[in-house]
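Residue numbers (UniProt numbering): 1 to 817.
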């Protein structure tokens, strides 16, 4: 209301009034003998001492007389105008015109804006003056100074304030109409006014209206400036019309504009926002080569663009280019790159950049450290979150409310709820406001640990503090109830939520369904699911996920097949959960059926999903179908990673299909994927076992077997690539040599392993001990057993069985002799 809007202004201006009383002459047309000096003449008079009754009985002519008498003191005129309105006086077009003229000529533009804003607000609410703004404008155009220049300056101020007031009120059509009225009245607006209007239109999504104004500017005889061009380019880029944005530079050239830094920057930023950061950076480099000056901000734009597209190497390249050009990256460049690296999980590089910032004395902003903390939290490194949080704090780096919330979340996940509360108390001591986010995090912490009593206490405290819980808070609390099997309480909470003008969303329904299933309440979850009207695909996905969490895989599969039969497919994460359950159960028929359904509906599984399917099929010996899935994966344009290749090779090796395994090995190298230690170990183990089988079946003479030759080649290639064998790899080789009766080679490998600082484990000792016992070297086997004991390695059942067999074999040989 007007009273509250202007009371503070009136009180402030009253203190500025001149202490000398002034004498206001009675104007000729004023027929009343009415003295106004006592009303306004003494600046020390308190508001309560002014005779309100006298003011209320003023008529329009008297009010205008008083206003004009104060034209040399525009602040007092404004206060008087406000005081009248506070007392219920109905200002008309003449009194508004009077105060507007006084404020214009007095230079009180801000107060002028307040007058128009209040007039517009009253008019929109239906309780304003008995005239429209156009009539006021007509009145203001009359009776002003004869000087045309002064006349133009006065009307410009009026229209500028009016247009900005319309913009502030969101009345864009009226603002545009007022803008073009200026042209019809024979004078042009200031370009700054046009820029303000266009920018506000863009912010409110009215792009076409802003562009229409730009097209009218030249017709009005107005010359755009750099900010105008930048605003128009921004508008075209938001629409995705990049060619039209580039065409603006033709207008710039035709207009002869020279200072257009903002336009260049806006175009580069527009390209980056539209996922064309490569082109944006090329434009930057080309213009830089043309000696167009840029500041560091535009480089930050390019870095942020590359990070948004997850082209992190190129984002780092921009930073390196800056340093080569002698530019010192500022906090915005570093922050953009650190946030991008954290989003991509490259935590070590993010730390390196942070250290680089500190070494160069660049201010560290809380956004960067918050990104690092959030990345640690998402990686499940909650203890590290707290260590890093405290380290940042000790370094004097400012940590905002978001950083504190991440630390509180980490404490909650670690079960350190008392410390979480203490950290929130620390925030209060530092005069940092706890908002809904912090309370919700703490509520979630209590719920996750089954402490619903304290969760409800925090919920109540939140309400007492005047904070209204949002839908996320209700979802968290409802989820906590459901996980504890308190379905009735959860549903009551949802009813309460609706009384607070919060309607349960799809996410709310999904949270309840999945949480009930997670708490073992599948029947209640099904009942809740069936009660949902107008179920969405996300609701079905939640039910499938819930079945999976409760290990009701068959029900999840049935629901999935029902949906897919209707031509619907749930999101990939849901498919992944179902496949994961089927893989655990080894149900390869349903796995393949599910994969087929997904492909029929043009849903391409991820690499992780394909790898899990292949691993499951190989584990149960279904290598043929695993090979089919492997081929489908390649046909879909997904290059198998080293994990998938190794799983497939291991599947072939277990089926003694060594040639297929070797072919995959060569295909992997051809694609540029380097084999790792696990891959080599799989091949070594397979070739040695094949060699042993042939030796034992006497299929070929000892020492001339191709498989042993291949094993030796694999071993040599592994060493040449710089991969050092680990304990498992040595153990595989030692076991193979022992079983092939190559005991000398096994002992050499055992000694080599120790020389390299690797400690043999129980399996390694058992493999060598078995070889010694098979050769009848029982004494050496016993010595090896003593060596195990000295190193604190306890023999297992297999070790003792091998030794017993060796002793019995030695006794048998001795008895025969």
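From the three backbone atoms N, C-alpha and C, an ideal C-beta is built for every residue, glycine too.
Proximity of residue i and residue j at Cβ, strictly below 8 Å
{"i": "residue 869", "j": "residue 684", "result": "Summary: the structure shown does not reach residue 869, with the chain confined to residues 1 through 817, and so no result is reported for it."}
{"i": "residue 401", "j": "residue 435", "result": "yes"}
{"i": "residue 331", "j": "residue 362", "result": "yes"}
{"i": "residue 270", "j": "residue 233", "result": "yes"}
{"i": "residue 298", "j": "residue 284", "result": "yes"}
{"i": "residue 767", "j": "residue 807", "result": "no"}
{"i": "residue 77", "j": "residue 70", "result": "yes"}
{"i": "residue 482", "j": "residue 536", "result": "no"}
{"i": "residue 115", "j": "residue 140", "result": "no"}
{"i": "residue 818", "j": "residue 758", "result": "The displayed coordinates of the chain run from 1 to 817. Any statement about residue 818 would go beyond what the structure contains."}
{"i": "residue 711", "j": "residue 688", "result": "yes"}
{"i": "residue 222", "j": "residue 188", "result": "yes"}
{"i": "residue 296", "j": "residue 327", "result": "yes"}
{"i": "residue 245", "j": "residue 252", "result": "no"}
{"i": "residue 799", "j": "residue 762", "result": "yes"}
{"i": "residue 134", "j": "residue 95", "result": "no"}
{"i": "residue 574", "j": "residue 626", "result": "no"}
Nearest-angstrom beta carbon gap, residue j and residue i [assumed within contact, 8 Å]
{"i": "residue 197", "j": "residue 175", "result": "6 Å"}
{"i": "residue 408", "j": "residue 423", "result": "6 Å"}
{"i": "residue 339", "j": "residue 371", "result": "4 Å"}
{"i": "residue 618", "j": "residue 656", "result": "That pair is no contact at about 14 Å."}
{"i": "residue 309", "j": "residue 277", "result": "6 Å"}
{"i": "residue 569", "j": "residue 598", "result": "7 Å"}
{"i": "residue 648", "j": "residue 614", "result": "6 Å"}
{"i": "residue 366", "j": "residue 399", "result": "6 Å"}
Simplified DSSP assignment, three categories, for residue i
{"i": "residue 754", "result": "helix"}
{"i": "residue 169", "result": "coil"}
{"i": "residue 285", "result": "helix"}
{"i": "residue 486", "result": "coil"}
{"i": "residue 632", "result": "helix"}
{"i": "residue 591", "result": "helix"}
{"i": "residue 554", "result": "helix"}
{"i": "residue 379", "result": "coil"}
{"i": "residue 794", "result": "coil"}
{"i": "residue 737", "result": "helix"}
{"i": "residue 414", "result": "coil"}
{"i": "residue 800", "result": "helix"}
{"i": "residue 91", "result": "coil"}
{"i": "residue 364", "result": "coil"}
{"i": "residue 807", "result": "helix"}
{"i": "residue 72", "result": "coil"}
{"i": "residue 235", "result": "helix"}
{"i": "residue 639", "result": "coil"}
{"i": "residue 223", "result": "coil"}
{"i": "residue 124", "result": "helix"}
{"i": "residue 408", "result": "helix"}
{"i": "residue 200", "result": "helix"}
{"i": "residue 276", "result": "coil"}
Sequence-distant residues of its chain with Cβ nearer than 8 Å to residue i (five each side left out)
{"i": "residue 117", "result": "165, 168 and 169"}
{"i": "residue 669", "result": "675"}
{"i": "residue 375", "result": "342, 343, 345, 347 and 350"}
{"i": "residue 749", "result": "730, 733, 734 and 737"}
{"i": "residue 471", "result": "497, 502, 504, 505, 507 and 508"}
{"i": "residue 452", "result": "446, 480, 481, 484 and 486"}
{"i": "residue 463", "result": "469"}
{"i": "residue 801", "result": "none"}
Cβ neighbours of residue i in the same chain (closer than 6 Å, five flanking residues each side left out)
{"i": "residue 210", "result": "198, 201, 202 and 235"}
{"i": "residue 583", "result": "612 and 616"}
{"i": "residue 753", "result": "730"}
{"i": "residue 381", "result": "none"}
Cβ of residue i within 8 Å of any chain B Cβ
{"i": "residue 495", "result": "The structure shown contains no chain B; it holds only a single protein chain."}
Other residues of its chain near residue i: CB distance less than 7 Å, five sequence neighbours each side excluded
{"i": "residue 511", "result": "475, 478 and 479"}
{"i": "residue 195", "result": "227, 228 and 231"}
{"i": "residue 797", "result": "none"}
{"i": "residue 803", "result": "769, 773, 781 and 785"}
{"i": "residue 384", "result": "376"}
{"i": "residue 275", "result": "309"}
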